[in-house]
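Asks: Handing you this structure, nothing more for now.
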Amino acid sequence: PTPTLAGVASWADELRNTDPERFKATSRWHYINAKGGGCGFDLARDCPDGNCVTGALANQLAILRDRSQPLAARRDALKFVVHLVGDEHQPMHAGNRPDSGGNRFQVSLRTTIVPEAYARKSYVDGVMGTNLHSVWDYYLLASRGLDLQAYADALDTPPSPADIGPVGAGVLLAWAEDSCALIDRAGLYPADDQHVMDHAYLDRFRPLAETRVQLAGARLAALLNQTLGDAPQGAAPTGHAP
Numbered sequence: 025p026t027p028t029l030a031g032v033a034s035w036a037d038e039l040r041n042t043d044p045e046r047f048k049a050t051s052r053w054h055y056i057n058a059k060g061g062g063c064g065f066d067l068a069r070d071c072p073d074g075n076c077v078t079g080a081l082a083n084q085l086a087i088l089r090d091r092s093q094p095l096a097a098r099r100d101a102l103k104f105v106v107h108l109v110g111d112e113h114q115p116m117h118a119g120n121r122p123d124s125g126g127n128r129f130q131v132s133l134r135t136t137i138v139p140e141a142y143a144r145k146s147y148v149d150g151v152m153g154t155n156l157h158s159v160w161d162y163y164l165l166a167s168r169g170l171d172l173q174a175y176a177d178a179l180d181t182p183p184s185p186a187d188i189g190p191v192g193a194g195v196l197l198a199w200a201e202d203s204c205a206l207i208d209r210a211g212l213y214p215a216d217d218q219h220v221m222d223h224a225y226l227d228r229f230r231p232l233a234e235t236r237v238q239l240a241g242a243r244l245a246a247l248l249n250q251t252l253g254d255a256p257q258g259a260a261p262t263g264h265a266p
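Using the numbering used here, the first residue of the sequence shown is number 25, and each one after it goes up by one.
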């Protein structure tokens, strides 16, 4: 209903309700986990058959680039690309711990932020029963108290070209490795015995989350220019569109 990049950004998650079978088939596309620990992803081990965020992103970019593909397939590929670039820059989607990207690291978050409708049963007396993944998916940014347009305006400062770095299918795994490295380097996980959280954590890590959003947006723009730039039919674009 909102045919913009922002409007389609959550479509791949919304399949959970709108098309459960398709969501089930694509659920592994949203993350990659280093089963051996560390952040040296092994695609044979961690991304079998391309079913991880980097594999799916590369495959969907190929569909999007191919002008011989049906328009509906390329539209869906665009929606996946927009979503998966964002997922790959959220550290909990490129992890190295056996807790499903923080989904099994339970926290009690004292907050005035009323959760989305589906989660309100877990919000009691100002305390939200949630998990570390959801803190990164929602609460870090929601705690700034801005609506979407105001937040977009606040983050409308592009990263430097040096921070953006190279863009293309060949660096997708490196982007995931960078996200993964933040988990330990920045101390994203509280101590194992500290599962009570307040806004001090949100205030501490919100700047990092915002930086990741800015970086994902800049890289997505460059990636779309590269993928959809002027090129002969059936040829892979080699540069950025004007």
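All residues carry an ideal CB built from backbone N, CA and C; glycine is no exception.
Computed from a predicted model, the values in this text were never measured in an experiment.
Drop a sphere of 10 angstroms on the beta-carbon of P115, count the other beta-carbons inside from all chains shown, and report buried for 16 or more, exposed for fewer.
Replies: buried
Asks: Measure the C-alpha to C-alpha separation of H223 and D187 and round it to an integer number of angstroms.
Replies: Those two C-alpha atoms are separated by around 28 Å.
Asks: Considering S203, what are the terminal residues of the alpha helix (DSSP H) in which it resides?
Replies: Taken as a continuous stretch (DSSP letters only), the alpha helix (DSSP H) holding S203 covers 196-209.
Asks: For L67, is the classification buried or exposed, using 16 other Cβ atoms within 10 angstroms of its Cβ as the cut-off for buried?
Replies: exposed
Asks: Going by DSSP in three states, G74 sits in which element: helix, strand or coil?
Replies: helix
Asks: Which whole runs of the alpha helix (DSSP H) in the region 84-170 are 4 residues long or more, in chain order?
Replies: Counting only runs that start and end inside the region 84-170, the alpha helix (DSSP H) elements of at least 4 residues fall at 95-113.
Asks: Using C-beta distances below 7 Å, list every residue in its chain close to L244, excluding the 5 sequence neighbours before and after it, in chain order.
Replies: V106, V109
Asks: Mind checking V77: buried by the 16 CB within 10 Å criterion, or exposed?
Replies: buried
Asks: Name the DSSP beta bridge partners of I56, please?
Replies: A118
Asks: From the DSSP secondary-structure annotation, give me the bridge partner or partners of V220.
Replies: S132
Asks: Which residues in the same chain as Q93 place their Cβ atom closer than 6 Å to its Cβ, once the five residues preceding and following it in sequence are excluded?
Replies: Cβ neighbours of Q93 within its own chain (closer than 6 Å, five residues either side excluded): I87.
Asks: Using a Cβ-Cβ cutoff of less than 6 Å, which residues in the same chain neighbour D111 once the five nearest sequence positions on both sides are dropped?
Replies: H54, V77, H117
Asks: May I have the straight-line CA-CA distance separating A317 from Y147, to the nearest angstrom?
Replies: In the structure as shown, the chain begins at 25 and stops at 266. Residue 317 is therefore absent and cannot be evaluated.
Asks: Using the Cβ count rule (16 or more neighbours within 10 Å means buried), how would you classify N120?
Replies: buried
Asks: Would you mind sorting T154 into buried or exposed? The rule is 16 or more other CB atoms within 10 Å of its CB.
Replies: buried
Asks: Tell me which residue opens and which closes the alpha helix (DSSP H) that V191 is part of.
Replies: That residue, V191, is in no alpha helix (DSSP H); it is neither H nor E in DSSP.
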